[in-house]
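Residue numbers (our numbering), protein chains in the order written: chain Y, 1 to 333; chain U, 1001 to 1164.
The beta-carbon is built from N, C-alpha and C at its ideal position, and this holds for glycine as well.
Bear in mind the structure is a predicted one, so any value in this text is a computation, not a measurement.
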């Protein structure tokens, strides 16, 4: 029993969907438990932080961390697990690229707290209390983790060995990743454990993608009846397939919805959002500026659409903060 | 000792004057038109602002939006793309592709808090050395007025950001 390699799972800023993937291994989870000891998995098993702290450094073979890093506690846990693990894996989009929580990088901490704790319609907070690091209640000191201005990916905080893409990663991708780790024949450090080609390559609608594709205007899924056979781009839908890593077997396309880009970029691309922008904009039919603008206006939220999962890992990482600049602040339009 | 010597409590440490802000501009010029205009301006010994670092590409359609974002992320205060006039592209369609990407990229920069005027696209043909000179100077003055960009917070800044 003690000889089995140890594996840990932990979550940071995420929704819990990645944990579902582990459960969705179904019977294969039994193979997993037969092959490894699960040393830490707070969502499912009763372990405490002190159990991890008591382990010698490097005692865990591999730790799968899902979720972005957004609070001081998450950063502490990431550092602790890094120390205790031989291999640290960023598991899922949030950990790999920043994910949906990463879109908070379009705002700053003050406006997020203001919106969540004071302005949201469902909030009752007559005194306008905001979370603070320390609070005394009946003589007891209560402490909360700090909330960071900027959402970071796991690799922006600690050294990461491998990445498992997807929101969430499919059970098949997880299974393959586990087999790779336990097989002992490890790929180069920094590898994303999924095929390195765009989703279009494995798309079931690949053959219906026209040779010369042009788009007069973009349509959102609720605005059209979507043909179940035809390439979604050819129907004017904003599909991230051309700029997104495949390996997921296109479940969204099979559900008749366009790809939203959770697989992240392929290894040849630095910035997924810029790449899909390049691809989609060049497909616009028109050649004159007002008509081009008119067509592009049908993409109401470029950053939210192109960087849905990857803003913190993008080249710009976040919306520019205006404080601390010694120049004239750029106006935000 | 002259009496005018100020006593030490009043003396101010000499403050190093900050050098005036000089915009750093990265330019991507197409091989067939704007780069040749730059060449002509040079051989004609025209004088223009020296703030522009030129990268020659075969076509403005080759300018991946990643190049632009990478330039901003690495300290450029402005990015200029130069191509052939509409209808004149050596590859027929490249400059239209550049125009479409540029229009969308500008909007996206606005969302990211970067003034859209920091990115500029100009059509300058091989014979338009005078126009080239004017665009260079005009771009530099525009970006000078906008001030430095300072886009990229380093990792150390992320760590310092925790106060709540």
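- Put simply, the CB of residue 302 of chain Y is near chain U, with a gap under 9 Å to one of its CB atoms.
- Residues of the same chain with a CB within less than 6 Å of the CB of residue 1026 of chain U, apart from the 5 flanking positions on each side, are 1053, 1071, 1076, 1079 in chain order.
- Under the Cβ criterion (8 Å, minimum of three pairs), the stretch 279-293 of chain Y does not count as touching the stretch 308-319 of chain Y.
- Within the stretch 85-159 of chain Y, the complete alpha helix (DSSP H) segments of 4 residues or longer fall at 93-97, 109-114, listed in chain order.
- Residue 275 of chain Y reaches chain U at 1064, 1065, 1066, counting residues in chain order whose Cβ is nearer than 8 Å.
- For residue 47 of chain Y, the secondary structure class from DSSP, reduced to helix, strand or coil, is coil.
- When the Cα atoms are used, residue 190 of chain Y and residue 160 of chain Y turn out to be separated by approximately 7 Å.
- If you check the CB distance, residue 10 of chain Y and residue 81 of chain Y come in under 9 Å.
- With a cutoff of 9 Å on beta-carbon distance, residue 1113 of chain U and residue 1021 of chain U are scored as not near each other.
- In the three-state scheme derived from DSSP, where H, G and I count as helix and E and B as strand, residue 304 of chain Y is classed as helix.
- Residue ranges of uninterrupted beta strand (DSSP E) with 3 or more members, entirely inside the stretch 1081-1132 of chain U and ordered along the chain, are 1119-1123.
- Relative to the Cα of residue 248 of chain Y, the nearest Cα in the group Y:294, Y:87, Y:217, Y:201 belongs to Y:201.
- Counting only unbroken stretches of 3 or more residues, no beta strand (DSSP E) element lies wholly within the stretch 227-270 of chain Y.
- Taken through DSSP and simplified to helix, strand or coil, residue 61 of chain Y comes out as strand.
- Using a CB distance below 9 Å, the part of the stretch 1011-1041 of chain U facing chain Y consists of 1018, 1021, ordered along the chain.
- In this structure residue 1095 of chain U touches residue 1060 of chain U by the C-beta definition: roughly 5 Å separates them, less than 8 Å.
- Between the stretch 23-38 of chain Y and the stretch 123-137 of chain Y there are fewer than three inter-stretch CB-CB distances shorter than 8 Å, so the stretches are not counted as touching.
- The alpha-carbon of residue 73 of chain Y is positioned some 35 Å away from that of residue 300 of chain Y.
- Put simply, the backbone Cα of residue 229 of chain Y is about 26 Å away from that of residue 275 of chain Y.
- A residue is called buried once 16 or more other Cβ atoms fall within 10 Å of its Cβ, and residue 1023 of chain U is buried on that count.
- Residue 138 of chain Y counts as exposed, since fewer than 16 other beta carbons sit within 10 angstroms of its beta carbon.
- At a cut-off of 4 residues, the continuous stretches assigned as alpha helix (DSSP H) that sit fully inside the stretch 1047-1080 of chain U are 1065-1073.
- Residue 292 of chain Y reaches chain U at 1096, 1099, 1100, 1103, 1104, counting residues in chain order whose Cβ is nearer than 9 Å.
- In the three-state scheme derived from DSSP, where H, G and I count as helix and E and B as strand, residue 54 of chain Y is classed as coil.
- Here residue 37 of chain Y carries a strand assignment [DSSP, helix/strand/coil].
- A contact is defined here as three or more CB-CB pairs under 8 Å, and the stretch 75-90 of chain Y meets this definition with respect to the stretch 52-64 of chain Y.
- By the neighbour-count criterion, in which 16 or more other beta carbons inside 10 Å mark a residue as buried, residue 1092 of chain U falls on the exposed side.
- One alpha carbon belongs to residue 1063 of chain U, the other to residue 185 of chain Y, and they sit about 39 Å apart.
- Counting along the chain, residue 1030 of chain U sits inside the beta strand (DSSP E) bounded by residues 1025-1030.
- The residues 125, 128, in chain order, have a CB closer than 7 Å to that of residue 118 of chain Y in the same chain once the five nearest residues on each side in sequence are set aside.
- Of the residues Y:207, Y:321, Y:144, Y:263, the one whose Cα lies closest to the Cα of residue 196 of chain Y is Y:263.
- Contact note: residue 289 of chain Y reaches chain U through 1099, 1103, using a C-beta cutoff of 8 Å and chain order.
- Listed by position along chain U, the residues whose Cβ is nearer than 8 Å to that of residue 278 of chain Y are 1064, 1065, 1066, 1101.
- Bridge partners of residue 215 of chain Y according to DSSP: Y:284.
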